[in-house]
Amino acid sequence: MKRIAFFAILLVASLLLSDIGLAQKEKPKCLEGIEFFTGFGWGKLREKKDYHLTPLMVDFDLDLKPLTQKINFNPRQLLQFQIEPFISFVAEPDTNVEIGTSFLFKIGILPQTSKFQPFILAGPGMVYMTQHTREQSTQFNFIEQAGMGMHYFFRKNIAFTLEGRFRHLSNSGIKHPNSGINTQFIFAGISYQF
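Quick look at the structure:
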């Protein structure tokens, strides 16, 4: 888990700091878009039963194609690295908060020029939760998540986005107990491409 986070941060740093001009007069944009989401998450806790939360997220979409073009890989699909800070308001079992950041890889299924763009995504992250549970002995935890979704561009650069995700939260064995909390999410939001 720590290795994945390290490599994700290393990839973002190389994107931001490297010279990605590919014999063009204009450098390609690294930051390709921004997305705003909310939704609903639900899971089960052993003792306290239901775990319900409402997240608010912002995704910063970084284009990976300038890197892939350096190795002569030119996909027509969406290929992004996302930095996703979030805050989640926990309604059950007690009123609490989660604050964290995710690092996600997003891959499109159809060409990026399509009006309808289905995608898959996955990646790690970290979260601080104020909720005390029997499953987790620490409030600082790591998350791994995967999901799928779709963009529907109703304007040239603005899309309505729907997404579903599965998330596993644990402290990566820092302290026991560490049985983890599994949560499912449904998100909706607006995506703006620069």
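Residue numbers for the sequence shown follow my numbering, beginning at 812 and rising by one.
The beta carbon of each residue, even a glycine, is placed where N, CA and C say it ideally should be.
The structure displayed is predicted, hence computed values, not measured ones.
Among the residues of its own chain, which have a CB less than 7 Å from the CB of residue i, if the five just before and after it don't count?
i, result
"F1053", "Since the first and last residues shown for the chain are 812 and 1005, residue 1053 lies out of range."
"I985", "T949"
Less than 8 Å separating the beta-carbons of residue i and residue j?
i, j, result
"G844", "A999", "no"
"F951", "N989", "no"
"Q942", "V901", "yes"
"I954", "H979", "yes"
"F916", "P866", "no"
Within a Cβ cutoff of 8 Å, which residues of the same chain sit near residue i, ignoring the five residues on either side of it in sequence?
i, result
"G958", "I931, L932, A933, E974, G975, R976, F977, F996"
To the nearest angstrom, how far is it from the Cα of residue i to the Cα of residue j?
i, j, result
"N993", "G852", "10 Å"
"S899", "H863", "10 Å"
"Q835", "D874", "Low per-residue confidence applies at Q835: pLDDT is 46, beneath 50, and the placement is therefore not dependable, though the value from the model is reported in the following sentence. Distance between the alpha carbons of Q835 and D874 is about 17 Å."
"Y1003", "G854", "30 Å"
"K967", "Q880", "25 Å"
"F848", "G991", "25 Å"
"L842", "E903", "36 Å"
"K840", "D870", "16 Å"
"I969", "T912", "24 Å"
"H962", "G919", "10 Å"
"K860", "D872", "35 Å"
"L878", "R857", "45 Å"
"G960", "F1005", "20 Å"
Any idea which residues DSSP pairs residue i with across the strands?
i, result
"D905", "Answer is none; D905 lacks a bridge partner."
"I1001", "F847, F971"
"S983", "DSSP, once it has assigned bridges, lists no residue as partnering S983."
"R976", "G958, F996"
"G854", "Y862, T994"
"S913", "E895, G936"
"Q942", "Looking at the DSSP assignment, Q942 forms no beta bridge with any residue, so it has no partner."
Go through its chain and collect everything with a Cβ distance to residue i's Cβ below 6 Å, but skip five positions before and after it.
i, result
"P922", "R887"
"K876", "L890"
"V938", "E909, G911, N952, I954"
"I1001", "F847"
"M940", "E909, Q950"
"M868", "F848, E895, F897"
Between the stretch 912–927 and the stretch 940–948, do at least 3 Cβ pairs fall closer than 8 Å?
No, the stretch 912–927 does not touch the stretch 940–948.
Answer yes if the stretch 882–892 comes into contact with the stretch 903–911, meaning at least three C-beta pairs across the two stretches below 8 Å, and no otherwise.
no
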